[in-house]
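All remarks here apply to the structure that follows.
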Amino acid sequence: MTVPYRPPADVAEARRVQEELRSRVELAGPGPSAPTAVAGLDVAYAESGDRLAAAVTVLDAVGLDVVDEAVHVGRPAFPYVPGLFAFREMPALLAALDKLTVRPDLLVCDGHGVAHPRRFGLACHLGVVTGLPAIGVGKTPLVGSWEQPGPRRGDWAELRDGDEVVGRVLRTRDGTRPVFVSVGHRIGLDEAVERVLALTPRYRLPETTRTADRLCRRALVVGGDPV
DNA sequence: GCGACAG
DNA sequence: ATCTTGTCGC
């Protein structure tokens, strides 16, 4: 899946691109079809901050075993600006996705989807650009307010920004901090939460992001960096 | 005006 | 994201 993508030259251009792509987000799912190959995406940075490794792991939706994986080592494509975070990692993530042999049915991103100031976080960006259904799973909030969800796995609370429900604060494990789930592209919030719970049988974060996290960190070490 | 701010 | 020691708990 080769997808054309050019990083913006500056903040102004990034915001224009973001606004243009935002109109293409689909907040509902395509249908009842259950995903079989779920991809996890994550990026690790070198201490210097001038090098990064983007990883994608594809897991069987049922057994949660890794059926394919790919990494791409490169440089950040944009400075870190809250709200424009996606531009930083998009090129490397797309390059990694390009190397996959197995085409995923769903992308699980470490970052938010529509739970974003302009409703277009990394998960939306990746979903729209690739055309694949995508879910955003953030570890910390970016926008919105919420009531503390119950203490048990599966308990949740609405994440709302003003009058809009932009996601769900979901407890994936008893007694641990919740994660922030939001729609990225072509999937509904209920199904997104359902998928996240299916991917967290044991740990707080989805197995997809855990495997991708280990992969990109390893790639960064093998590539030679830790002083 | 001040503070907050995914990774 | 990354830098960091010990510590509490299963």
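Numbering (our numbering), first residue to last: 914 to 1140.
Ideal placement from N, C-alpha and C gives every residue a C-beta, glycine not left out.
Would you kindly report the start and end of the unbroken beta strand (DSSP E) that includes residue i?
| i | result |
| --- | --- |
| residue 1071 | 1069-1074 |
| residue 1080 | 1077-1083 |
| residue 1088 | Residue 1088 -> no beta strand (DSSP E), and no H or E assigned at all. |
Using the C-alpha atoms, what's the distance from residue j back to residue i?
| i | j | result |
| --- | --- | --- |
| residue 1003 | residue 1131 | 20 Å |
| residue 1135 | residue 981 | 19 Å |
| residue 1140 | residue 959 | Reliability of the predicted coordinates at residue 1140 is poor, the pLDDT of 46 falling under 50, and no value is obtained from them. |
| residue 1095 | residue 1048 | 6 Å |
| residue 989 | residue 1090 | 29 Å |
| residue 968 | residue 1126 | 7 Å |
| residue 1098 | residue 1082 | 18 Å |
| residue 977 | residue 1114 | 10 Å |
| residue 1110 | residue 1024 | 17 Å |
Buried or exposed for residue i, please, with buried defined as at least 16 other CB atoms from any protein chain shown within 10 angstroms of its CB.
| i | result |
| --- | --- |
| residue 984 | buried |
| residue 1212 | The chain is shown from 914 up to 1140; residue 1212 falls before or after that span and cannot be answered. |
| residue 947 | exposed |
| residue 1046 | buried |
Let me know the secondary structure DSSP gives residue i once reduced to three states.
| i | result |
| --- | --- |
| residue 941 | coil |
| residue 1125 | helix |
| residue 970 | strand |
| residue 947 | coil |
| residue 1047 | strand |
| residue 1020 | strand |
| residue 959 | coil |
| residue 1015 | coil |
| residue 982 | strand |
| residue 990 | coil |
| residue 920 | coil |
| residue 1000 | helix |
Going by DSSP, what residue range makes up the alpha helix (DSSP H) through residue i?
| i | result |
| --- | --- |
| residue 1038 | 1035-1043 |
| residue 930 | 924-935 |
| residue 1109 | 1102-1111 |
Count the CB pairs spanning the segment 1027-1043 and the segment 923-937 that are closer than 8 Å, and state whether there are at least three. Yes: the two stretches touch, three or more of their Cβ pairs being nearer than 8 Å.
Quick check: the segment 1050-1065 against the segment 1009-1020, are at least 3 beta-carbon pairs closer than 8 Å? They do not touch, by the three-pair rule.
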